[in-house]
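Visitor: Pasting in a structure now, in structure tokens, and then I'll have a few things to ask.
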Amino acid sequence: MSLPPGHSHGISLEFGRMNPWETARDGTARAGSSRTRIPSPSMGYHIRDPDTAIICIIANLEPGLPAVVASLCVNLAGVENPPILERWLKFPTLLDLFKKETSLLELMATTKQRPGYHCIWFTLTFHNSASIILKAVELYNKLGAKLDAHISDKDYISQCCFQPLPRYRDHRNSKSTNAQSHNPKKINVLGHETQLKDHDGILWTGHVSVQTAEQEKWAYPHVREWYEGLRDFAESQGGLLPWIPANYADPAQKVLQSYGPENVRFIREVANRYDPAGVFQTLCPGGFKISAVEEEAGV
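Take the position in the sequence shown, starting the count at 1, then add 426; the result is the number in our numbering.
Take a look at the structure:
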């Protein structure tokens, strides 16, 4: 669901109750509308149904065509029009695709990226705030103007994605205990039990794909400016959350550090205990490694 190639991270959809890769019983709608008709940011993001999720994407997908708003709505109980999504599903659409009794693998295939393109990703999490969401869209539009001016054939992809991070899911997880861990009090190594304790959150992803390495080199600082502008605005509003999702992060982002000092220390202890030779730190390429995180003041 707007996933970077090769990754399988997304919103938690109660995977433990089913085999999501075969028959997920998904009632799924994917609708597009003009960017000039963007839904109110307050619509549908306070979701209290564990079987229902929605992702809103503002995207430029085809050369020369205007951006569209896509909403990916998923209901794992097979409900075609969940009441909780009524306001979203009434929104005027240009294209509406519905699939039932399908699999998550089939759904993921509809959101794969173009092969051979050079991709730039940044991500943030922040409070579910209309002002921050609108700032992300404002900065996205400014970036789009720069891309249009520089890339003459307009052959690029850009996406501004919003995924909900409801409080109640973290509260539910906090009731469980990992009895297999040598630290049974450690519930969520990402820090969600404190970061999402008092506020619903939004996981934002900014993505641009271009054709050549030269275009990527030009585009990167502009995409980073978009990310930094949104980060600074969210912080100025008191709405910036520390967590940086690894699957959508740029290599320059401090992913593991965003989990908090206690969790960094815990990850380091586990790595030293179960992988003292550092096999996964040195022989497994890619990703964010705890060995690359500098030890600071007892962390």
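Where a beta carbon is used, it is the ideal one built from N, C-alpha and C, also for glycine.
Please report the residue range of the alpha helix (DSSP H) in which Q641 lies.
Guide: 639 to 662
Visitor: Decide yes or no for the touch test of the region 650 to 669 against the region 545 to 557: beta carbon pairs closer than 8 Å, at least 3 of them.
Guide: yes
Visitor: On the three-state DSSP scale, how would you describe W514?
Guide: helix
Visitor: Please state whether DSSP places D596 in a helix, a strand or coil.
Guide: Note that D596 scores a pLDDT of 44, beneath 50, so its modelled location is shaky and nothing firm can be said.
Visitor: Using alpha carbons as the reference points, say which of R593, T638, L565, T631 lies closest to G542.
Guide: T638
Visitor: Leaving out five residues before and five after D475 in sequence, what residues of the same chain have Cβ atoms less than 7 Å from its Cβ?
Guide: P508, I510
Visitor: Does the structure place the region 578 to 592 close enough to the region 622 to 638 that three or more beta carbon pairs sit under 8 Å?
Guide: Counting Cβ pairs under 8 Å, three or more are found: they touch.
Visitor: First and last residue of the beta strand (DSSP E) that includes T631?
Guide: 627 to 636
Visitor: If you count every other CB in all the chains shown that lies within 10 Å of the CB of C482, and 16 or more means buried, which is it?
Guide: buried
Visitor: Hey, how far is the Cα of T708 from the Cα of V615?
Guide: 22 Å
Visitor: Can you tell me the Cα-Cα spacing of T449 and A503, whole angstroms?
Guide: Because the pLDDT at T449 is just 32, under 50, the model does not fix this residue reliably, and the value given afterwards should be weighed accordingly. About 11 Å.
Visitor: Please return the same chain residues whose Cβ sits closer than 7 Å to the Cβ of D420, not counting the five positions on each side in sequence.
Guide: Past the boundaries of the shown model lies residue 420; the chain is included only from 427 to 725, so the question cannot be answered.
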